[in-house]
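Numbering (our numbering), first residue to last: -9 to 137. Heads up, the beta-carbon is just placed ideally off N, CA and C, and yes, glycines get one too. Working notes, structure below.
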Amino acid sequence: MQEIEKKEKKPLIVAFCCNWCSYAGADLAGSSRLSYPAEVKIIKVPCSCRVNPIFILKAFQRGADGVILCGCHPGDCHYSEGNYRTRRRMGLLFSMLNYLGIEKERTRIEWVSAAEGAKFSAVMNDFAKTINELGENRRLEDLRCKD
-9 MQEIEKKEKK PLIVAFCCNW CSYAGADLAG SSRLSYPAEV KIIKVPCSCR VNPIFILKAF
51 QRGADGVILC GCHPGDCHYS EGNYRTRRRM GLLFSMLNYL GIEKERTRIE WVSAAEGAKF
111 SAVMNDFAKT INELGENRRL EDLRCKD
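Pasting the structure below:
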């Protein structure tokens, strides 16, 4: 009888990155050969304020263990005040996630500019470490889709 090896499940992390700053910061991190975990799946959005809170809930429902939202620094948004709206909106979402029983450490907002590739890499590595410590998120996951 052969022993079946258990593969360690890598956490799935969804990163919503604004096109103008954070996505460019991720690009700079890559071109500078700075590493961040492969489990981080980046979704490019025009602005951080375009991320509807339902997108984050949907990511958790589809199996994400952590969701991070990265945008321009407040005051530097290409759409004037998009990141201020993001801050307000996500504050409400985080209190709702707390009500649903999702640990607050599973979500995060970071402001990363296009010139901060090293910061992008450090933030993603730190967030991945936090999610690894928390383990798998099963709170909002749709179990009907599992094998």
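Between residue i and residue j, which are expected to be in contact by the criterion C-beta below 8 angstroms, what is the C-beta distance as a whole number of angstroms?
{"i": "C60", "j": "V102", "result": "5 angstroms"}
{"i": "L124", "j": "E93", "result": "6 angstroms"}
{"i": "D55", "j": "E126", "result": "6 angstroms"}
Within a Cβ cutoff of 8 angstroms, which residues of the same chain sit near residue i, ignoring the five residues on either side of it in sequence?
{"i": "R77", "result": "P64 and I99"}
Tell me which same chain residues have a C-beta within less than 6 angstroms of the C-beta of residue i, skipping the five on either side of it?
{"i": "A19", "result": "G107, F110 and S111"}
{"i": "I46", "result": "V57"}
{"i": "N9", "result": "K34 and P36"}
{"i": "Y69", "result": "C37"}
{"i": "P27", "result": "A118"}
{"i": "F6", "result": "I33, V35, V41 and L59"}
Is DSSP giving residue i helix, strand or coil here?
{"i": "K146", "result": "In this structure the chain extends from -9 to 137, so residue 146 is not present and cannot be described."}
{"i": "R98", "result": "strand"}
{"i": "N127", "result": "coil"}
{"i": "G56", "result": "strand"}
{"i": "G65", "result": "coil"}
{"i": "M(-9)", "result": "Residue placement at M(-9) is flagged as unreliable, the pLDDT there being 45, under the threshold of 50; the coordinate-derived value follows with that caveat. Coil at M(-9), not helix or strand."}
{"i": "C39", "result": "helix"}
Name the two residues that bound the continuous alpha helix (DSSP H) containing residue i.
{"i": "A108", "result": "G107 to L124"}
{"i": "A14", "result": "S12 to S21"}
Grab me the residues of residue i's own chain with a C-beta within less than 7 angstroms of its C-beta, minus the 5 sequence neighbours each way, in chain order.
{"i": "M80", "result": "L59 and I99"}
{"i": "I44", "result": "none"}
Which residue comes first and which comes last in the beta strand (DSSP E) that contains residue i?
{"i": "I92", "result": "First-last for I92: undefined, no H or E at that position."}
{"i": "A104", "result": "Run containing A104: none; DSSP gives neither H nor E here."}
{"i": "A5", "result": "I3 to C8"}
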